[in-house]
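Novice: Starting off with a structure, shown below.
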Amino acid sequence: MVTVSDFGNYETAWCPGCGNFPILDAVKQALVLCDLAPRDVLFVSGIGQAAKAPHYLNANVFNGLHGRAIPVATGAKLANPDLAVIAESGDGCMYGEGGNHFLAAIRRNPDITVLVHDNRVYGLTKGQASPTSPDGLVTKAQPNGPLSSSFNPVALAVLMGAGFVARGFAGMQEHLAGIVAEAIRHKGLSLVDILQPCVSFNKVNTYAWYQERCRVLPGDYDPADKDLALRTAMTFGDEIPIGIICRRTDRPPLEDRIPALAPGPLVGRPLDREALQGVYENYL
Amino acid sequence: MPLTDMHIMIGGEAGQGLVTIGRLLSKAFTRMGWHILVTQDYMSRIRGGHNTFSVRVGTEAPLAPRQEIDLLVALNRETVELHRKDMGPGGILLADSGFAPAGDGVISVPFEDLGPRKMENTVALGVIGDLVDIDAEVLRRLIRETFQRKHPEVIDENLATLSAALAWARGIRPAAWDGLSRPMEHEGKRMMLDGNEAVALGALSAGCRFCAFYPMTPSTSIPLTLIAHGDAMGVVVEQAEDEIAAINMAIGASFSGAPSMVATSGGGFALMTEGVSLAGMTETPVVIVVAQRPGPATGLPTRTEQADLEFVLHAGHGEFPRAVFAPGDPITCHDLTVCAFHIAERYQGPVFLLTDQYLADSLRDVSLLDASNADPVVSGAKEADVSTPYRRFAFTDSGVSPRLLPGKGSHLVVADSDEHTEDGHITEDLEVRTKMVEKRLRKLRGILSEVVPPVYEGEERPDLLFVAWGSTEGAVREAAFHLRREGRSVATLVFHQVWPLDPSRFLSRLEAAGEVVAVEGNATGQFARLIRRETGFAIKKLVLRYDGLPFTARYILSRI
Ligand SMILES: Cc1ncc(C[n+]2csc(CCOP(=O)(O)OP(=O)(O)O)c2C)c(N)n1
Ligand code: SF4
């Protein structure tokens, strides 16, 4: 049996009170719920405050470049589908610098879990606007508020046919742990956009602001209903629905559609010399 | 006297099936035992435009393309207008009677009478086949093989057209035309490969399991070749959303334990550079093929150049070791690709293959490869070889730390693009930083100890020494051959690995020569500059080419 203590407890570089702490704890809880031991999991992150999260638990980790967590995670999963692969980073990393990979990954549908700590600012670089910054958010770089309108990743993912799209809130840790566990279990790409207060640079979307607005989806909510999912995803204002917004299993994951992976993982496969000789003979 | 070395050029528009006959003809030569070198000159479009397919065929392996044409086959009028001036004495021009000019050595072919319009290339194949004495049976077999899979219904009609063309050609053969000398008998079977196919086959034999790419001429046929054999060989090839994704996917796959590669050209490689640095920092093996084409920016997409040497040498921020191989023909493309996978695995980082359009697209005959000689990479270290607690980036004398694969044992594997501790976690401890930089750079000593030395050919103290790298090799060797025949004292020094350089393997050669001439496909002499930087030896004379075409011996000889 895997327990939360298997994932350890480490000192972090985060500001006291940061929303990253409960997210880290929720992710550990989710791994326990999925009975995944540290050695079975690979976290891939980018660069930012959120991207440091995998350093603060026991697991395999590839902490790559800003914006590039998803392609590394995709490659790692294709090479060894036995690994549970989780791409974890901030909103700037996933939706800004890595925006093209985010779109492509939804279409490609690898069996990876994408966890986005969405604090609606660039934390590590000290508070500039991110793609999800609310309209009117004043920052040192955007003294009149962002010139680009706010991006809704959850709605986009639903619209593009992602199989699993959820919105969580750092202030509801147990609920978040449940969503993340479901996301990990989903076969195919799963997105969990996690509303994360940044106590240092986002004075608008605070814990209190979210607590007033976040509502857990009702028990009879049907995440397989795409129209409903889209409407729910678009609801972001006085009320913010929290939970698994969209869940569909009609699209097989990328790995299941690649014949070369049918015999098993690529890792450690011996060279088939007979097949290779056959390849050579094509060029006679 | 029959020729021992013949240059056949077929010219036409894209869409006229030029490549199909060119390939069939080349394959027929290969099967009959001749040696070939094929070069293609095409415009960056799918239909129209003027394209040529050149086969240099001989009883000895041709070293480089040649300008002078012995047999010009014009499928369109433009071919006559553009290339007739390059015909050598005694050459023959084959052209459609619709536009064949009058004159000696012109064979006007009534394409329309010999077969349906859409089979004009089969007619051309028959006429050429007869003029160069290819066995009709070899051609027939090739036609059957070519159409068997996709268009079996057209086989009979093509065979009939071929017979008509052969019969017609027999009747009109000019008396002065002696054809081609018979080839020598070879031991064993021969394959026909271009540079890109050879890279792909090298990758397969090295155990490559993953390739990501974004299409870019002239590199694309590398992933396409891997895709063609991917299911049989267990290789995953993914077309990425951009080159940034491509290299990051390859790094992810390699981290997991799949020997991985990417292939691109200059512009795409520019997008990959941050990933190169990531492979350096996380010490992840990755093979990067850069098939050069003329730049800057989009440049000339379908032509050749060697102007990305300095770019590849320096691409990626920060300091980390790398190796750069520069093959000169399909066989070195194959062998050095295998080498690149092993060096990448052993020294855990980015390793480059620097090729170019000329090499990528030029076909040659090579002995049938033997899969029992394949030398696949073994990814990662054995768990028994590491101590506990496992440190992915343990400080070692060689700089190489045992690389375990995630999920493949009891240890956790942690890698970071931030500066990191021995166990892979982010750190700002500046003492650790200093030691990590030194550890990473120590790996260069190992890479240097395995360097592929340059190949020297010629007498010990020549009056003239040509220095070349990569695909320029053949033209330089042919130029030297001509000069030697005139009694000149000439040698060649050809580099197949351009980084790192070990001066102890070649500096004395440079110093012993009367005059040293660097021959490079760029406008500024990048390799000569590199040699000067690494050895202090200044190569004063440069023969450079940057019009997008490959070197020929004549080009070099006319400039010295
Ligand atoms: C290529 C590149 N560009 C810019 C940066 C600088 N940078 C580091 S983190 C970051 C933004 C971080 O924001 P986010 O991803 O939202 O994460 P957070 O710090 O808010 O958790 C930026 C711009 C970088 N590291 N690499
Ligand atoms: S800057 Fe914001 S997101 Fe980053 S650690 Fe501090 S509070 Fe958290």
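Residue numbers (the working numbering), protein chains in the order written: chain A, 56 to 339; chain B, 60 to 619. All C-beta atoms in this analysis are idealised placements derived from N, C-alpha and C, irrespective of residue type, glycine included. Please read these numbers as outputs of a predicted model, since none were measured by experiment.
1. Say whether the stretch 515-533 of chain B touches the stretch 403-415 of chain B, bearing in mind that this needs 3 or more beta-carbon pairs closer than 8 angstroms, one atom from each stretch.
2. Counting contacts by CB-CB distance shorter than 9 angstroms, is G466/B in contact with chain A?
3. For H110/A, return the contacting residues in chain B, with the cut-off set at a CB-CB distance below 7 angstroms.
4. Quick one: residues in its chain with C-beta nearer than 6 angstroms to the C-beta of A195/B, no 5 flanking neighbours on either side, listed in chain order?
5. Below 8 angstroms on the Cβ atoms is my contact criterion, and I expect A419/B with S278/B to pass it. Report the Cβ-Cβ distance as a whole number of Å.
6. Starting from Q332/A, find everything on chain B with Cβ-Cβ shorter than 7 angstroms and list it in chain order.
7. Against F314/B, what residues of chain A qualify as contacts under a CB-to-CB distance less than 7 angstroms, listed in chain order?
8. Could you tell me if the beta carbon of E302/B falls within a distance shorter than 8 angstroms of some heavy atom in ligand 1?
9. How is L202/A classed by DSSP in three states: helix, strand or coil?
10. Quick check: the stretch 122-130 of chain B against the stretch 243-256 of chain B, are at least 3 beta-carbon pairs closer than 8 angstroms?
11. Can you give me the start and stop residues for the alpha helix (DSSP H) that L340/A sits inside?
12. So if I measure from each beta-carbon to every heavy atom of ligand 2 and keep distances below 6 angstroms, which residues remain?
13. Kindly examine ligand 1 and report whether one of its heavy atoms sits closer than 8 angstroms to the Cβ of D146/A.
14. For A279/A, collect the residues of the same chain with a Cβ closer than 7 angstroms to its Cβ; drop the 5 residues on either side in sequence, then sort them by chain order.
15. Suppose only complete runs of 4+ residues qualify. What are the alpha helix (DSSP H) ranges in the stretch 538-618 of chain B, listed by chain order?
16. What separation, rounded to the nearest whole angstrom, lies between the Cα atoms of G154/A and G122/A?
17. Counting C-beta neighbours from all protein chains within 10 Å, is the total for N110/B 16 or more, i.e. buried, or is it exposed?
18. Threshold first: 3 residues or longer. Then list the beta strand (DSSP E) segments lying entirely within the stretch 104-164 of chain A, N to C.
19. For E579/B, is the beta carbon positioned less than 8 angstroms from some heavy atom of ligand 1?
20. Do the CB positions of P296/A and D248/A come within less than 9 angstroms of each other?
21. Does the distance between the C-beta of A238/A and the nearest non-hydrogen atom of ligand 1 fall short of 8 angstroms?
22. Tell me whether L192/A counts as near ligand 4, meaning its Cβ is closer than 8 angstroms to at least one heavy atom of that ligand.
23. Say the cut is 8 angstroms; is the CB of V176/A nearer than that to a heavy atom of ligand 1?
24. Could you have a look at C301/A and say whether DSSP puts it in helix, strand or coil?
25. Tell me, please, whether the CB atom of S438/B is closer than 9 angstroms to any CB atom in chain A?
26. Using DSSP's beta-bridge definition, name the partner residues of R249/B.
27. Looking at the unbroken beta strand (DSSP E) that takes in C270/B, where does it start and where does it end?
28. Could you tell me which chain B residues have their CB closer than 8 angstroms to the CB of R328/A, listed as they occur along the chain?
29. Can you tell me whether DSSP reads G147/B as helix, strand or coil?
30. Just confirm the distance between the C-beta atoms of A304/B and H156/A, as a whole number of angstroms; I'd bet it's less than 8 angstroms.
31. What is the DSSP secondary structure of N337/A, counted as helix, strand or coil?
32. State the DSSP-derived secondary structure class of N307/B, mapped to helix, strand or coil.
33. Just verifying my parser: in three-state terms, what is the DSSP assignment at I95/B?
34. Return no unless some Cβ of chain B is closer than 9 angstroms to the Cβ of K107/A.
35. With a threshold of 9 angstroms between beta-carbons, can R303/A be considered close to chain B, or not?
36. Who pairs with N110/B in a beta bridge, going by DSSP?
Specialist: On the basis of the supplied data:
1. yes
2. Locating residue 466/B in the second sequence gives position 407, counting from the first residue. Closer than 9 angstroms: yes.
3. Translated into the one-based positions of the first sequence, residue 110/A becomes position 55. Ordered by position in chain B, the residues that pass the 7 angstroms Cβ test against H110/A are H484 and I485.
4. To locate residue 195/B, count along the second sequence from 1; it is residue 136. Cβ within range, chain order: L225.
5. Residue 419/B sits at position 360 when you count from the first residue of the second sequence. Residue 278/B sits at position 219 when you count from the first residue of the second sequence. Rounded, the Cβ-Cβ distance is 7 angstroms, consistent with contact.
6. Walking along the first sequence from the start, residue 332/A turns up at place 277. Ordered by position in chain B, the residues that pass the 7 angstroms Cβ test against Q332/A are A430.
7. Residue 314/B sits at position 255 when you count from the first residue of the second sequence. Residues of chain A passing the Cβ test: F117 and A131.
8. Position 243 of the second sequence, counting from 1, holds the residue named residue 302/B. False, no ligand heavy atom lies under 8 angstroms from that Cβ.
9. For the purposes of this step, residue 202/A is identified with residue 147 of the first sequence, where counting begins at 1. In the structure shown, L202/A sits in coil (DSSP, three-state: anything other than H, G, I, E or B).
10. no
11. Only positions 56 to 339 of chain A appear in this structure, which leaves residue 340/A out of reach.
12. W69/A, C70/A, C73/A, N75/A, Q104/A, N174/A, G178/A, C253/A, V254/A, S255/A and F256/A
13. For the purposes of this step, residue 146/A is taken as the residue at position 91 of the first sequence. Yes; taking the cut-off as 8 angstroms, the Cβ of D146/A has a heavy atom of ligand 1 nearer than that.
14. Numbered from its first residue, the first sequence carries residue 279/A at position 224. Counting only Cβ-Cβ distances below 7 angstroms, and skipping sequence neighbours, we find R302 and R303.
15. Correct list: 566-571, 585-594 and 612-616.
16. Counting from 1 along the first sequence, the entry for residue 154/A is found at position 99. Counting from 1 along the first sequence, the entry for residue 122/A is found at position 67. Near 8 angstroms, if we compare the C-alpha coordinates of G122/A and G154/A.
17. Reading the second sequence from its first residue, position 51 is the one you call residue 110/B. Classification for N110/B: buried.
18. Secondary structure in the stretch 104-164 of chain A: the beta strand (DSSP E) runs of 3 residues or longer, each lying completely within the stretch, are 115-118 and 139-145 in chain order.
19. Counted from its first residue, the second sequence places residue 579/B at position 520. Checking every heavy atom of ligand 1 against the Cβ of E579/B, none is found closer than 8 angstroms.
20. In the first sequence, the residue the question calls residue 296/A occupies position 241. In the first sequence, the residue the question calls residue 248/A occupies position 193. Not closer than 9 angstroms, so no.
21. Taking the first residue of the first sequence as position 1, residue 238/A is located at position 183. The answer is no for A238/A.
22. Looking for ligand 4 in the displayed structure turns up nothing; the ligands present are ligand 1 and ligand 2.
23. Residue 176/A sits at position 121 when you count from the first residue of the first sequence. Taking the Cβ of V176/A as the reference point, at least one heavy atom of ligand 1 falls within a distance shorter than 8 angstroms.
24. Translated into positions along the first sequence, residue 301/A becomes position 246. If DSSP states are grouped into helix, strand and coil, C301/A belongs with the strands.
25. Working through the second sequence from its first residue, we reach residue 438/B at position 379. Cβ-Cβ to chain A under 9 angstroms: yes for S438/B.
26. Along the second sequence, read from residue 1 onward, the residue named residue 249/B stands at position 190. Per DSSP, S426/B.
27. Taking the first residue of the second sequence as 1, we reach residue 270/B at position 211. Per DSSP, C270/B belongs to the beta strand (DSSP E) from F269 to F272.
28. Counting from one through the first sequence, the residue named residue 328/A turns up at place 273. Near R328/A (Cβ distances below 8 angstroms), the residues of chain B are A430, S431 and A433.
29. As a first step, residue 147/B is located in the second sequence; it is residue number 88 there, counting from the start. Strand, per DSSP.
30. The count along the second sequence starts at 1 and reaches residue 304/B at position 245. The count along the first sequence starts at 1 and reaches residue 156/A at position 101. Yes, A304/B and H156/A are in contact; Cβ-Cβ is about 6 angstroms, under 8 angstroms.
31. Mapped onto the first sequence, residue 337/A falls at position 282. Residue state, collapsed to three classes: coil.
32. Position 248 of the second sequence, counted from the first residue, corresponds to residue 307/B. Helix at N307/B.
33. Counting from one through the second sequence, the residue named residue 95/B turns up at place 36. Of the three classes helix, strand and coil, the one that applies to I95/B here is strand, per DSSP.
34. The residue labelled residue 107/A in the question sits at position 52 within the first sequence. Judged by the 9 angstroms Cβ criterion, K107/A is in contact with chain B.
35. Residue numbering aside, residue 303/A sits at position 248 when the first sequence is read from its first letter. No, R303/A does not count as interfacial toward chain B.
36. Taking the second sequence and counting its residues from 1, one reaches residue 110/B at position 51. As DSSP reads the structure, N110/B sits in a beta bridge with G71/B.
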